[in-house]
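Written out below as structure tokens is the structure these notes cover.
Numbering (this note's numbering), first residue to last: 49 to 594.
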């Protein structure tokens, strides 16, 4: 299979209506960062884009809750999210925002292009309306009982308990979140994307083309949507906060683009901004068939990134995603994480309590990255526990990986005066050769795992290589051989053989340490850089050339 000329990697735009928790980090941002760091180290042309999703009813609701304006809300949380991501090592090439004028221009042009070609449908429908506040109720302005799980706090676009994507009409006993009153129906006109016309295209593209290489949970959810029958989906809303429709468009007064329509276009506007900042052409990243586009998301975003946005992209003439590696949810101590319910570990809290402390710093960033990857919800929901966090660090990262690296450097200084010993090919034994073979084999396994989005397995392969290193060192016992050098009754030949065995052992261990730094770099970049400093080599060594 031919290698792509370039990669465009996206992480789901986080809503700028509040802080995000480590479940979000584990779902869409850390896996993407691991993948991107690997691609960069392999010398690939890759752009990693994300940004704050700053429109929609959730923003205006938060503004009302905090008694401020939507602009102040998005400015506040955009800064927080951007800072949190950077502090936790998420290495976006650009972290943009959908309130930026370039995004408004891009999203509006996207809408106009589809509308001018007759690809959108304009029709009047009955929408929920709050008579007390004289407001049409967009999805987040209406709550009720979820028809799937029975949760009585489901919103008009999604149930946060079971993750089901909903429409307001599906809610049982709906009520306005503005007044608490039952809504009435009132006529309003909107533009719709006729998804029902593209079911055949989606079946062929998802089920036939990608049914074998996408995650089963992604394909399964898409199939359920397709089997249930797709319906036209509104792309506009009656709101005063968002991307305004093109001027002069009849019936556009008081309407903005629906957030699900404008948010994914944020990937395109972010790419445009990155390209402008770096004097690049943005178009090959979205239009060239030799670009590989990958969306990293949580499972609650599957329908938007696998059904709705691909239809939009195809109608606009852009490339389609090669893969959408969605993760399941990460729970906390037996219950689903939820910032609104106060049951979560917010990224900002972790940074404050573990990173920005006297005994914290970059190593505590890597500690979190390690555990979240080790329990990544790649195929099913997983669970974060503080005991599990502690056990993973102590019994795996420290006792296996850290132990091998530390022993290697201690023995290098003790037995080789801190200098790299020569390798003596003539006395390499089977154990030495097996370690070099293991390095090569593991590099292939880790590379394959990352490229197939199996980050948890790839991380465990790195740890297993360190485990083999510990066994190798224990078998070789260079500290015992060193005693031979001090024995008065040992012959010069015996001392020469002992010296060469020590050299070979520690040379092999140092080679293994260098390999471990390269392999661990996508997962724990701070640890890898620290290992480079310990070996007194430049970070260029971390390039994926083993």
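The beta-carbon is built from N, C-alpha and C at its ideal position, and this holds for glycine as well. Remember, it's a predicted structure, so these values are computed and weren't measured experimentally.
Linking residue 255 to residue 264 through their CA atoms gives a straight-line distance of about 11 Å. Cβ neighbours of residue 244 within its own chain (closer than 8 Å, five residues either side excluded): 277, 278, 279 and 280. Relative to residue 314, the option among 493, 144, 354 and 124 whose CA is nearest is 144. Under DSSP, residue 69 shares a beta bridge with 394. Rounded to the nearest whole angstrom, the CA to CA distance from residue 504 to residue 363 is 36 Å. Contact check for residue 85 against residue 55 fails: the beta carbons are separated by 8 Å or more.
The three-state reading of DSSP puts residue 404 in coil, since its state is none of H, G, I, E or B. Classified as buried, residue 176 has 16 or more neighbouring CB atoms from the shown chains inside 10 Å of its CB.
When DSSP reads this structure, residue 175 sits in a beta bridge with 234. DSSP places residue 182 outside both helix and strand once states are collapsed to three, so it counts as coil. The residue from 458, 472, 474 and 506 with its alpha-carbon nearest to that of residue 521 is 458. For residue 341, the enclosing beta strand (DSSP E) begins and ends at 339 to 346. The closest CA to that of residue 441, considering only 400, 583, 417 and 287, is found on 417. Under the 10 Å beta carbon count, residue 415 is surrounded by 16 or more other beta carbons and is classified as buried. Taking each of 74, 220 and 304 in turn and checking the Cα distance to residue 152, the smallest one comes out for 304. DSSP lists 97 and 343 as the beta-bridge partner residues of residue 58. In the three-state reduction of the DSSP assignment, residue 454 falls in the helix class, which pools H, G and I. Contact annotation: residue 401 and residue 391 have beta-carbon atoms that are not nearer than 8 Å. Counted as a single uninterrupted DSSP element, the beta strand (DSSP E) harbouring residue 379 occupies residues 378 to 380. Taking C-beta atoms as the reference points, residue 66 and residue 387 count as a pair closer than 8 Å. Scanning its chain for C-beta atoms nearer than 7 Å, with the 5 sequence neighbours on each side dropped, one finds around residue 220 the residues 192, 193 and 195, in chain order. Ranked by Cα distance from residue 533, the options 524, 523, 544 and 525 are led by 544.
DSSP places residue 367 in no beta strand (DSSP E); its state is neither H nor E. When only Cα atoms are considered, residue 565 and residue 288 end up about 51 Å apart. The count of Cβ pairs closer than 8 Å, one atom from the segment 327 to 339 and one from the segment 168 to 182, stays below three, leaving the stretches out of contact. For the pair of segments examined, the segment 431 to 439 was found not to touch the segment 485 to 496: the number of CB pairs separated by less than 8 Å stays below three. Going by DSSP, residue 145 is part of the beta strand (DSSP E) stretching over 142 to 145. Within the same chain, Cβ atoms closer than 6 Å to the Cβ of residue 218 are found at 195, the five residues on either side in sequence being excluded. With at least 16 other beta carbons inside 10 angstroms of its own, residue 358 counts as buried. Membership of residue 290 in any alpha helix (DSSP H) is not indicated, and neither H nor E is assigned to it by DSSP. Between the alpha carbons of residue 104 and residue 501 lies a distance of about 31 Å. If you look at residue 432, you'll find it in the beta strand (DSSP E) that goes 430 to 432. DSSP lists 170 as the beta-bridge partner residues of residue 239. Membership of residue 118 in the alpha helix (DSSP H) is indicated by the continuous run 118 to 135.
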